[in-house]
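Protein chains in written order, with this note's numbering: chain A, 3 to 353; chain B, 3 to 353; chain C, 918 to 1249; chain D, 918 to 1249. All remarks here apply to the structure that follows.
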Amino acid sequence: MAAQARAAQADAVPQDGDASNLPFIYRTYSREQLLAALHRMHLIRQFEEGAEESYMRGLIHGTMHLSIGQEASAMGICMPLSKEDQITSTHRGHGHCIAKGAEVSRMFAEFFGKTTGYCAGRGGSMHIADVTTGNLGANGIVGGGLPIAVGAALTAKRLKTGKVVVCFFGDGANNEGAFHEALNMAAVWKLPVVFVCENNGYGMSTSTARSTAVANIADRAAAYGMPGVIVDGNVLSDVAEASHDAVERARRGEGPTLIECKTYRYRGHSKSDRNRYRTKDEIEDWMNNRDPIVRYEAQLQEFGIATRGELDAVQEAVRQEIAAGIEFAKESPMPELSGLADNVYTAEVSR
Amino acid sequence: MAAQARAAQADAVPQDGDASNLPFIYRTYSREQLLAALHRMHLIRQFEEGAEESYMRGLIHGTMHLSIGQEASAMGICMPLSKEDQITSTHRGHGHCIAKGAEVSRMFAEFFGKTTGYCAGRGGSMHIADVTTGNLGANGIVGGGLPIAVGAALTAKRLKTGKVVVCFFGDGANNEGAFHEALNMAAVWKLPVVFVCENNGYGMSTSTARSTAVANIADRAAAYGMPGVIVDGNVLSDVAEASHDAVERARRGEGPTLIECKTYRYRGHSKSDRNRYRTKDEIEDWMNNRDPIVRYEAQLQEFGIATRGELDAVQEAVRQEIAAGIEFAKESPMPELSGLADNVYTAEVSR
Amino acid sequence: MNAPVRELSYSQAIKEAMAIAMENDERVVLMGEDIGVYGGAFQVTGDLVERFGTDRVMDTPISELGGAGVAVGAAVTGLRPIFEFQFSDFAALAMEQIVNQAAKMRYMLGGAVSVPLVMRFPAGSGTGAAAQHSQSLEAWLGHVPGLKVIQPATPHDVKGMLLAAVADPDPVMIFEHKLLYKMKGPVPEGHYTVPLDKADVRRQGRDVTIVATSIMVHKALEAAGQLAAEGIEAEVVDLRSIRPIDGETIIASVKKTTRLICVYEGVKTLGVGAEISALIAESEAFDYLDAPIVRLGGSETPIPYNPELEKAAVPQVPDILAASRDLVRGAR
Amino acid sequence: MNAPVRELSYSQAIKEAMAIAMENDERVVLMGEDIGVYGGAFQVTGDLVERFGTDRVMDTPISELGGAGVAVGAAVTGLRPIFEFQFSDFAALAMEQIVNQAAKMRYMLGGAVSVPLVMRFPAGSGTGAAAQHSQSLEAWLGHVPGLKVIQPATPHDVKGMLLAAVADPDPVMIFEHKLLYKMKGPVPEGHYTVPLDKADVRRQGRDVTIVATSIMVHKALEAAGQLAAEGIEAEVVDLRSIRPIDGETIIASVKKTTRLICVYEGVKTLGVGAEISALIAESEAFDYLDAPIVRLGGSETPIPYNPELEKAAVPQVPDILAASRDLVRGAR
Ligand SMILES: Cc1ncc(C[n+]2csc(CCOP(=O)(O)OP(=O)(O)O)c2C)c(N)n1
Ligand SMILES: Cc1ncc(C[n+]2csc(CCOP(=O)(O)OP(=O)(O)O)c2C)c(N)n1
Ligand SMILES: [Mg+2]
Ligand SMILES: [Mg+2]
């Protein structure tokens, strides 16, 4: 979206009074782009609600990690990215995948284990990817994507593709050795990568206070000589602004940035979570007072960008897209058992 | 030495004028202790020179990593430790082993592959250890000792042994994920461990500037919420003082400290080094102007603790100890081939 | 054992063993990710944190290499840690500490230390968790001298072997198939041990020996039941331990039955069945063999997500039936 | 090949292959610790940094997991990295990226990506570097679908197989025995490839098949020479590739000789020889076997420091001689 973003700046949202006082995205993106972002945020939420329901109905097996409540982080980070830019994602990666531009129909198909799924039914939720829109994949290994993102950024630098790579990871992941090694190398080599820690307060059941020796993950940026930025991960504009700055810095060849988005997941860690480590009050506080979609919609109305009716129309459109996606997935074919060994190798080994 | 150190404080080195202006060790340790430290520093250097010569004569095989030039770091860190306190060491670990109290005769025997060696000839230079004096072992894996030291400190805390654990590692090791994970856990659990980075400027051929995204390793301490201290690693008293403070802090239950000793190795990285990455000037500058033994001896004389003649006597005593150690090693028996599988397990498995 | 024995699930049996070990020896501590208030990803530690406190049931940060190394260091210096990997796949992050340190430390130091460490690895496929959460990597550790590696198949065995492991002075690696956790079976009360180096003949037979590991023991027994109806008497050997391997028991069985099938979930090539086969082929039992040695192992693929593909990727009862019939009736 | 061919050492052959690959394709980059100005711990990269610059011959920090992961990410997105582990033992730190990521990424993503990655692992004992610098861990990676794993034994093969590996779209793992680096042999000039999946019969014989890997190929050939003088004709098969294994060649050889010895340096249990043995025991060659299948593998110990113990820990020529005589003369 970067190219468009720059183009849009000229005809950014018309405002009563001085537009330069408005938060970042309202100065930077067109009305169309702002509503497209809202659309994707609803798509993320409804996709996950749809997946959750399908799981309950037995249409999806295995487990899944829902990011409901974290939509502004995924979307805000991806707003300044072009389609060519790349991301690495996490086990909680549906939002990243949608924000980067994937189609929900093929995502549902993947969750349903169908051949039309992004991974031909081989990957499922934990490996969801859409390489065509620059998503190199979710990852079942906490921290697994960190060095991979650095490698992708190395390619961008060596082959001078101009691409920027965004690496999503969680607060829990920041205690993996891979975090340390990846950030150090990215900094030493000044690679065009943006590290985005989605700090939802917990790695599974373990709070950052119990797992991490610093108050903020961004405090660790100094150990790699890179800027560390903390944003309210539930405010779309703040996230997008931080992302914009970091992406531009990366594109200028000045190296990596660490952004920490403070956010919260509404659901349990995964399907097996009995939620013994968070209080009801805490959860409800986030749901009732800091919901990223509610806050974004409020701003869109406040700044005169859309009416309630127009916002409702977005939601409704999303509902239909989701229903169609589930239908597509249901009707898609199951893989043949004979294809079990497909794609273990690129060219099958002739023995 | 901690208990003695405290006892000694009363009758620390008598001085002309105000003793409180003297550097730390001269206020803290007795003349006997100060000369014992010098003795051990010479022992380290001459041990390594002896090992080097034995290697050249074909008495030792494999490879070895010499710490000549880094003696003040090993000795200074170990001065405040009691015999019960523990250390984990590195591939460049002869100095740590001697500083913690090992006998050079059994070290030589190990290098010669003899049954009387500390590891019964199974370990060699890279695994030299003397558990009876608290050295849990050198390590062939860069960074390998870091989590092990944290585990030893966990034992100390859980079993309330009062022990402190010192973890030696190099500047190169600070980029291993193990460093990150170990320091974080030590800090979160407030364990009695002191991390000592011996920064000799290079990990093998790679300077810290090319490998590490911060100027000082100690700058990374903040990422674990622990104090980071930088000392001139070639000044015995400075090292000992930093160690003393960190060890006391650990004993008080206040958690870990990261100490960075800036130092230099005179020799190549190992036996295969052709030294293409350091200038002759740089090496000679360190050798001629900052030698830790020369500097310590100068202070001992300056503060009236020993005469040149007394210092020479120390060196001479060390020479004899080394010669006797090599003799012991030479005359010790080789292991029997039938013992190849000894000590793979504690109780041999009955099949 | 005439008195009726109560039934416990496999995971309850593990928890009970850990509780007994902790009661008997205050040096025993549990370490792992989310083993405290969460009760463990598979609810194996359950409420132990309430009974023993957070000092002895320690949630570690998500730091497998460091966590494993802390356990090694603790074991060398006086604690007796039981370290849980949340999934055995994550042990790939900690191979350094397991293999370069824990397994070798005693040897490298000439016997100066022991490493009384227990590590638990929830393993295997069947939960729809796809390629990075479904591996069976026991062959890796089985290849490493200095470790002891076991794969208990029943609640009874896992309790007794875990208690034996905690008492053992050397590092013991326990592979627990996730699909076994809910399986119930008789488990004696109190403290008992099961040896770490003995296979168990779980069904006698004369026509073919089926050596199986972990969950495959149950599939083999199921197959053996059906085969009996067809007149084929399969002897089922539960390997239980893959380092060391109890060659004696397997050799004796093959000498009796003259035919051997190895069934294991790990990837077929270089998996546990390769070792069983090779062990027999170089033993005195070779001369008794009436047929080639058959291996049924996991497919040469990562574990796929789709549930039907996932099942197709590991040996199932019909595969064992077909292989047994072929082998005994001489179809091959 | 009638013209006299020049001789290169094994390490020179590797270096030449890398230089050719880099000249032909600017996407090829070298990564590893101290491979630049130092020239690599074993002087394999040598002066390549002078020819290709630090952008293409990259010294990595001492970060094996991260470094391997960077190579994986680079490979997926368009570079063709050749990653050097300083010693194969340190790969224990990077198994996550090698096994959970590189090996599985294409499969997990349903074929959407390829991972054209080459990794080099200096392996084996004999240098007095003790337990953490002397392992032979190829069996671990041989167990992992998605990887290709090779063990070239000669300068000729290592050059040709490395060039094949760089051209291959999938991750190829090359185990290089350190004692081979200085071994010389004929190496053609320019670009050529040797297949990644074919064993090589390096000596014909009729009495016994010796399947050997890496440095053991040379020991087997030496033994075969001596055996010939005693009237025993050993056929020596250089396995070359352990994933996939060229079953066809081995089976044909055993059908001819009726006897099999597997020689490999890795720990015997669950090592490469177990797979060779099992592969034969389940194949049509089984019926041709006149004797048990013998494995000569590394001892069930870590590699000790003492040089005599170190030699005793891996198969030597006299062991191959003794086993061959016993087998052919029916002593067992
Ligand atoms: C290497 C590894 N360790 C552990 C796990 C199990 N696990 C999956 S998600 C998770 C918590 C991750 O926490 P965080 O990084 O904060 O991400 P969040 O789930 O909060 O989005 C854990 C422990 C894993 N998948 N990989
Ligand atoms: C995990 C691992 N990677 C690489 C090596 C090879 N190696 C041995 S020492 C060394 C340099 C270590 O540098 P540093 O930590 O600064 O210690 P120094 O040698 O300078 O004392 C390297 C790369 C190793 N032994 N272990
Ligand atoms: Mg989190
Ligand atoms: Mg250094």
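All residues carry an ideal CB built from backbone N, CA and C; glycine is no exception. Small disclaimer: the values here were computed from a predicted structure and weren't measured.
Original post:
Under the DSSP definition of a beta bridge, which residues are partnered with D/Val974?
Top reply: D/Leu947
Original post:
Between C/Glu1201, C/Met1090 and C/Val1180, which lies nearest to C/Val1231 when the distance is taken from Cα to Cα?
Top reply: C/Val1180
Original post:
From which residue to which residue does the alpha helix (DSSP H) around A/Gln301 run?
Top reply: Pro294 to Glu304
Original post:
Hey, would you say the C-beta of C/Val987 is under 6 angstroms away from at least one heavy atom of ligand 1?
Top reply: no
**OP:** With a threshold of 16 other CB atoms inside 10 Å of the CB of B/Leu339, please say whether the residue is buried or exposed.
**Re:** Within 10 angstroms of the beta-carbon of B/Leu339 lie fewer than 16 other beta-carbons, which makes it exposed.
**OP:** Could you list the residues in the region 1162-1196 of chain C with a C-beta less than 9 angstroms from some C-beta on chain B, going in chain order?
**Re:** Cβ contacts with chain B: Ile1162, Asp1163, Gly1164 and Glu1165.
Subject >> Sheet register partners of D/Ala1151 (DSSP bridge) >> reply: D/Val1125
**OP:** Using only alpha-carbon positions, find the residue among A/Gln88, A/Met128, A/Cys99 and A/Ile100 that is nearest to D/Met1022.
**Re:** Of the candidates A/Gln88, A/Met128, A/Cys99 and A/Ile100, the one whose C-alpha sits nearest the C-alpha of D/Met1022 is A/Met128.
Subject >> Helix, strand or coil at A/Ala10 according to DSSP, with G and I counted as helix >> reply: Low confidence applies to A/Ala10: its pLDDT is 47, below 50, so where it sits in the model is not reliable, and the reading given next is rough at best. Looking at A/Ala10 - three-state DSSP - the assignment turns out to be helix.
**OP:** Per DSSP, which residues does A/Ile232 bridge with? Please list them.
**Re:** A/Glu262
Original post:
Does DSSP classify C/Ser1087 as helix, strand or coil?
Top reply: Per the sequence shown, residue 1087 of chain C should be read as Asp rather than Ser. Residue state, collapsed to three classes: coil.
**OP:** For C/Glu955, go through chain A and note every residue whose CB falls closer than 7 angstroms to its CB, in chain order.
**Re:** According to the sequence provided, residue 955 of chain C is Tyr. The question's Glu does not apply to it. Neighbours of C/Tyr955 on chain A, chain order: Met206, Ser207, Arg278 and Tyr279.
**OP:** Ignore the nearest five residues each way along the sequence and tell me which others in B/Ser272's own chain have a CB closer than 6 angstroms to its CB.
**Re:** Thr65 and His67
Subject >> Nearest-angstrom Cα separation, counted from A/Glu105 out to C/Leu1034 >> reply: 48 angstroms
Subject >> CB contact below 7 angstroms: A/Met58 versus chain D >> reply: no
Original post:
Roughly how many angstroms separate the alpha carbons of C/Gly949 and C/Ala1020, rounded to a whole number?
Top reply: 20 angstroms
Original post:
Going along the chain, which unbroken runs of the alpha helix (DSSP H) with 4 or more residues stay wholly within the region 124-186 of chain B?
Top reply: 147-160
Subject >> Other residues of its chain near C/Thr1166: CB distance less than 6 angstroms, five sequence neighbours each side excluded >> reply: Ala1116
**OP:** Using a Cβ-Cβ cut-off of 7 angstroms, state whether C/Asn941 counts as contacting chain B.
**Re:** no
**OP:** With DSSP as the reference, label C/Arg1246 as helix, strand or coil.
**Re:** coil
Subject >> Short Cβ contact (7 angstroms threshold) for B/Ala140 with B/Gly95 >> reply: yes
Original post:
Taking 7 angstroms as the CB-CB limit, is D/Arg1023 close to chain A?
Top reply: yes
Original post:
Where does the unbroken beta strand (DSSP E) through B/Asn396 begin, and where does it stop?
Top reply: Shown here, chain B extends from 3 to 353; a query on residue 396 of chain B therefore has no answer.
Original post:
Ends of the alpha helix (DSSP H) at A/Cys99?
Top reply: His96 to Ala101
Subject >> Sequence-distant residues of the same chain with beta carbon closer than 6 angstroms to C/Ala1082, five excluded per side >> reply: Val1035 and Val1089
Original post:
Is it true that the region 1146-1153 of chain C meets the region 1210-1221 of chain C, where meeting means three or more beta-carbon pairs spaced less than 8 angstroms apart?
Top reply: no
Original post:
Among A/Lys264, A/Ala225 and A/Thr259, which one has its Cα closest to the Cα of A/Thr210?
Top reply: A/Lys264
Subject >> Backbone CA spacing between C/Glu1013 and B/Thr163 [nearest angstrom] >> reply: 28 angstroms
**OP:** Might you give, ordered along the chain, the residues of its own chain that have their beta carbon closer than 6 angstroms to the beta carbon of B/Ala158, omitting 5 neighbours on each side?
**Re:** Lys165 and Pro194
Original post:
Between the region 981-1004 of chain D and chain A, which residues of the former have a C-beta closer than 9 angstroms to a C-beta of the latter?
Top reply: Glu981, Leu982, Gly983, Gly984, Ala985, Gly986, Val987, Ala988, Val989, Gly990, Ala991, Ala992, Val993, Thr994, Gly995, Leu996 and Pro998
Subject >> Beta-bridge pairing of C/Ile1067 - partner residues as DSSP gives them >> reply: Listed as beta-bridge partners of C/Ile1067 by DSSP are C/Ile1091 and C/Ser1158.
Subject >> For C/His1060 and D/Ala1056, believed in contact at Cβ under 8 angstroms, the rounded distance >> reply: 6 angstroms
**OP:** Could you tell me the distance, in whole angstroms, from the CA atom of A/Glu256 to the CA atom of A/Asn23?
**Re:** 28 angstroms
Original post:
Does at least one heavy atom of ligand 1 sit under 6 angstroms from the Cβ of A/Ile89?
Top reply: no
**OP:** Kindly identify the DSSP beta-bridge partner or partners of C/Leu1213.
**Re:** C/Val1180
Original post:
Hey, which unbroken runs of the beta strand (DSSP E) at 3 residues or more fall wholly within the region 39-126 of chain B?
Top reply: List check, beta strand (DSSP E) in window: 88-90.
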